[in-house]
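S.K.: Take this structure, written in structure tokens, and hold onto it; I'll ask about it next.
Protein chains in written order, with the numbering used here: chain A, 27 to 142; chain B, 615 to 728.
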């Protein structure tokens, strides 16, 4: 079974430039998550999808971040414009509903973003 | 509201000795608790989870954890460390409501000395 796929693995951009990350979840997983992981910290949820619907985007900085999951499968996370403080690892995870809060999340390898 | 505190940011053990990674949690609801492991340049992988069944949970690679409600703890243990156990470990609490939101600890780096 293929795992969660993310691309690119690494991205270096100048500040104020746009950037996009792509995620393809495990086949059949309805729930998709985007996390931000700063160095030395645990992942923090940015947005969670149930199929095409964003059910929790309370931590997504909507002035510069956007996400979409148009067909309920793969997803794109965009930052425009990027700031120096956005340098971090962006993780995508997916899960198959097993009950509220009990789902095992399967993580991709992440995209390491460096903003210069 | 929920939170999780990993009491040690770094733990160093010798190969073949026991491992103890400590985690305390706070939750307004009956929580689910997880331990994930992250090896360098790899995605987080589930080690084990507690979801209101048996309080002693066994996971992969010889790890286990015990849910202690009275102490609000979910410490991760392994009787004998292996070099391959060196990694970052994250304790996670999720509430069992419609939100089902997960909160991650800041991680514990485990170093295993030969």
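Yeah, the Cβ is synthetic: ideal placement off N, Cα and C, and Gly gets one too. Bear in mind the structure is a predicted one, so any value in this text is a computation, not a measurement.
1. With DSSP collapsed to three states, give me the class of residue 65/A.
2. Please determine whether the Cβ atom of residue 130/A lies at a distance below 8 Å from any heavy atom of the ligand SAH.
3. Going by the beta-carbon positions, is the gap between residue 699/B and residue 623/B smaller than 9 Å?
4. Can you check which of these residues, 59/A, 81/A, 37/A and 107/A, is closest to residue 50/A by C-alpha distance?
5. Is the segment 684 to 696 of chain B touching the segment 32 to 45 of chain A in the sense that three or more CB pairs, one from each, lie closer than 8 Å?
6. May I have the straight-line CA-CA distance separating residue 121/A from residue 723/B, to the nearest angstrom?
7. Do you know how far the Cα of residue 72/A is from the Cα of residue 31/A?
8. Using the rule of at least 16 other Cβ atoms within 10 Å of the residue's Cβ for burial, across every protein chain shown, is residue 692/B buried or exposed?
9. Distance cutoff 9 Å, beta carbons only. Does residue 655/B sit that close to anything in chain A?
10. For the beta strand (DSSP E) holding residue 682/B, just list the boundary residues, first then last.
11. For residue 687/B, which residues in chain A fall below 7 Å Cβ to Cβ?
12. Compare the C-beta of residue 660/B with all C-beta atoms of chain A and state if any pair is closer than 9 Å.
13. Excluding the 5 residues flanking residue 658/B on each side, which residues of the same chain have their C-beta closer than 6 Å to its C-beta?
14. Roughly how many angstroms lie between the CA atoms of residue 620/B and residue 676/B, to the nearest whole one?
15. Between which two residues does the beta strand (DSSP E) holding residue 633/B run?
16. Mind pulling the chain A residues with CB within less than 7 Å of residue 573/B?
17. Per DSSP, residue 692/B forms a beta bridge with which residues?
18. Mark residue 683/B as exposed unless 16 or more other C-beta atoms lie within 10 angstroms of its C-beta, in which case mark it buried.
19. Between the alpha carbons of residue 91/A and residue 134/A, how many angstroms are there, rounded?
20. Using a Cβ-Cβ cut-off of 6 Å (strictly less than) and excluding sequence neighbours within five positions of residue 707/B, which residues of its own chain qualify?
21. I think residue 56/A touches residue 76/A, with their Cβ atoms under 8 Å apart; what is that distance to the nearest whole Å?
M.R.: Walking through what the data contain:
1. coil
2. In terms of ligand content, the structure shown is empty, and the ligand SAH therefore cannot be addressed.
3. For residue 699/B and residue 623/B, no; Cβs fall outside 9 Å.
4. 59/A
5. no
6. 26 Å
7. 18 Å
8. buried
9. yes
10. 678 to 682
11. The contacting residues do not exist; residue 687/B stays about 17 Å from chain A at best.
12. Closer than 9 Å: yes.
13. For residue 658/B, where only same-chain residues beyond five positions count, the Cβ hits under 6 Å are 650 and 652.
14. 20 Å
15. 633 to 635
16. With chain B covering 615 to 728 only, the question about residue 573/B has no answer from this structure.
17. 633/B
18. exposed
19. 20 Å
20. Excluding five sequence positions before and after residue 707/B, the CB atoms of its chain that fall closer than 6 Å to its own CB belong to 616, 618, 639, 641, 645, 647 and 717, given in chain order.
21. 6 Å
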